[in-house]
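Here the protein sequences line up with chains H and R, keeping their order. Heads up: the first sequence is residues 2 to 291, going by this note's numbering. Heads up: the second sequence is residues 31 to 300, going by this note's numbering. Working notes, beginning with the structure itself.
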Amino acid sequence: MNTLGVSDQLRTRHRKAVLFRTTCATTVGVAIFILGILLVRIVIDGVDGLDLHFLTNFQSRFPEKAGIKAGLVGSLWILGMTAAISIPLGVAAAIYLEEYAKPGRLNRFIEVNIANLAGVPSIVYGMLGLTIFVRWFSLERSLLAGAMTLSLLILPVIIIASREAVRAVPSSMREASFALGASRWQTVRHHVLPSAVPGIVTGVILAISRAIGETAPLILVGALAFVAFTPEGPMDEFTVLPVQIFNWASRPQAEFHQLAATAIIVLLIVLLSMNGVATWIRHTNQQERS
Amino acid sequence: MAAPVSRPRAPAFKPSASAAPAVLQADEVVIKYDDMAAVKGVTVSILERRITAIIGPSGCGKSTLLRSFNRMNDLLGNVTMEGKILYRGQDLYDRKVDPVEVRRRIGMVFQKPNPFPKSIFQNVAWGPKINGLATGSALEEKVEHSLVQAGLWEEVKDRLQESGTALSGGQQQRLCIARTLAMEPEIILMDEPCSALDPVSTTRIEDLLFELKANYTIVIVTHNMQQAARVSDYTAFLESGLLIEYGQTEQVFTRPVQKRTEEYVTGRFG
């Protein structure tokens, strides 16, 4: 039996391979299909309302006059502040845990618990933010309270992703650096961090994307649904896009539902352009280093 | 404390009167990973401006011993050391000694070429730069001089701004040697520097070692016995964390005192 033909056993193996590939392709197809339906529905409902007035008008009782300005500006404020708080804290924590802290029981305990924190529902962070920032710190219903609450929410994600990125830097690079008489900080600053940036940026994108869509914790810490002004500083009251969307979508009139759809388009555009910037940062960084 | 190990002691090696002074002296060095001892009491002297080869079968502790000479083992959290290592009479593991300063004087070249993902120039310039040894045109001269010493200058002088990782394996390893030389270390430790290279690149690096011997003390760990026989002045043979034999290379390879050494160098095991 020295033929090169297809034996029964080989045929079964091929069949399994085809089956697995088909399953994977179907899963991807279903996901894309559902996403497509969502996008198409929202665009059909909302694209008519998307004009300059919608972006520059404040909230109104009259659907034809209502705009998203307060929510858009509020969201950008919240995002900027959240990023400014959570990225340095998260990356620093990750570097400390990976590069400085001794590996051991305590480190593992912290790692497991950070992973647990990433899975805590956002409403719980809202309660925490309400108790600590709004009440104890007396920050009231301010942008700062909201941004700090969202920072708590996304810190675990940033820390976990940054730790992974730092851990993925080959130890041969650290050794090379130390063998040249570099201190730990010089090693981290010149070799570990630059190599980890693409991974860190990816984690930050995911985290910030989560923050931009959060509604529940911000409602708890006091984001308002009807705001006819834009915030001037971090202690001002505010609203954000998702809260505005939630407010419109829960009204009975169909006109407001259309407004909600239009606001969702705006939210998606903000999200996608942010991701675009982050991808660009990652890309240029990788090119420089390869 | 570990139970005392009974072992065949290497016969006391007495360098002749004409031998060079010792730069590094390991004294009853025991190195453990957690509870597992990789080096079990090694006493050895490394002589100035000589090439010392450390040979032995896999897992005999030769790399661990080498890495203790510039405190690279400190970076692994689970390593403990007993005994002493003296560098010109000074205890390397004294509390007052800064490991950063140790590694500045005792450089290291690794088994796998590990250039930084930076330009060729930056690879060599980084060490002197962060240690404040040179800046500006002095730094440029230093980079050129180091690359010349490492025998790489002619191949890379027109593309110093290209990435060091784009070079061939042998070139990368010579870049790593140039990088180490730029620090003007006194001792260079090499951990199987040719094991990932082809024969031509290996020959180039061996030739380089002969040239460097005039100015540097070199300790080289190698799996390759022919290499040890070719390049080194002194050879230490380690087995299971013990120093079995240490002496002039010619003697170790042609008239070994210990039977295990003879079996190893003639290729009967290992």
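Note that the Cβ used here is the ideal one computed from N, Cα and C, for glycine as well.
By DSSP's assignment, R/E112 forms a beta bridge with R/V60. Shortest Cα-Cα distance from R/R204 to any of R/P215, R/K62, R/D237 and R/Q55 involves R/D237. Per DSSP, R/V261 has no beta bridge partner at all. When Cβ pairs closer than 8 Å are counted between the two stretches, the region 208 to 228 of chain R is seen to touch the region 130 to 149 of chain R, the count reaching three or more. Assignment of H/Q187 by DSSP, reduced to helix, strand and coil, places it in the helix class. Minimum Cα-Cα distance from R/V230 among the listed residues R/G199, R/L242 and R/F240 corresponds to R/G199. Boundaries cannot be given for R/K126, as no alpha helix (DSSP H) includes it and DSSP labels it neither H nor E. For H/K70, the secondary structure class from DSSP, reduced to helix, strand or coil, is helix. The region 167 to 174 of chain H makes contact with the region 96 to 103 of chain H, as at least three CB pairs between them are under 8 Å.
Against chain H, the beta carbon of R/M138 has neighbours under 7 Å at A180, listed in chain order. Between H/S61 and H/A67, the CB-CB gap stays under 8 Å.
R/A68 places its beta carbon 8 Å or farther from that of R/T252. Close to R/L105, with beta-carbon spacing below 8 Å, are these residues of chain H in chain order: R175, E176 and F179. In the DSSP assignment, H/M174 falls within the unbroken alpha helix (DSSP H) covering S172 to A180. Residue-level contact by beta carbon fails for H/H284 and chain R, as no gap is shorter than 8 Å. With at least 16 other beta carbons inside 10 angstroms of its own, R/C206 counts as buried. As the crow flies, the alpha-carbon of H/T188 is around 7 Å from that of H/F179. Nearest CB-CB separation between R/P223 and chain H: not below the 8 Å threshold. Identification of residues in the region 74 to 107 of chain H having a C-beta nearer than 7 Å to some C-beta of chain R yields K103 and P104, given in sequence order. For H/S274, no Cβ of chain R is located within less than 8 Å of the residue's own Cβ.
For R/L177, the enclosing alpha helix (DSSP H) covers residues G166 to Q179.
Following the DSSP letters along the chain, one finds R/G277 inside the beta strand (DSSP E) bounded by residues L272 to Q278.
When beta bridges are read from the DSSP output, R/Q55 appears opposite R/S75 and R/L116. For the pair of segments examined, the region 181 to 199 of chain R was found to touch the region 141 to 154 of chain R: the number of CB pairs separated by less than 8 Å reaches three. The alpha-carbon of H/V205 is positioned some 37 Å away from that of H/P253. For R/A244, the three-state secondary structure derived from DSSP is coil.
Cβ-Cβ distances below 7 Å link H/L131 to L221 and V222 in the same chain, with the five nearest sequence neighbours on each side left out; the list follows chain order.
Across the structure, H/A148 and H/Q287 are spaced so that their CA atoms are roughly 30 Å apart.
Our two residues, R/A259 and R/P286, have alpha carbons roughly 13 Å apart in a direct line. Using a Cβ distance threshold of 8 Å, H/I79 and H/F257 do not count as a contacting pair.
Scanning the region 209 to 265 of chain H for uninterrupted alpha helix (DSSP H) segments of 4 residues or longer gives 217 to 221 and 242 to 250, listed from N- to C-terminal end. Short of 8 Å from the beta carbon of R/P215, and not among the five residues preceding or following it, lie these beta carbons of its own chain, in chain order: R134, R135, I136, G137 and Y246.
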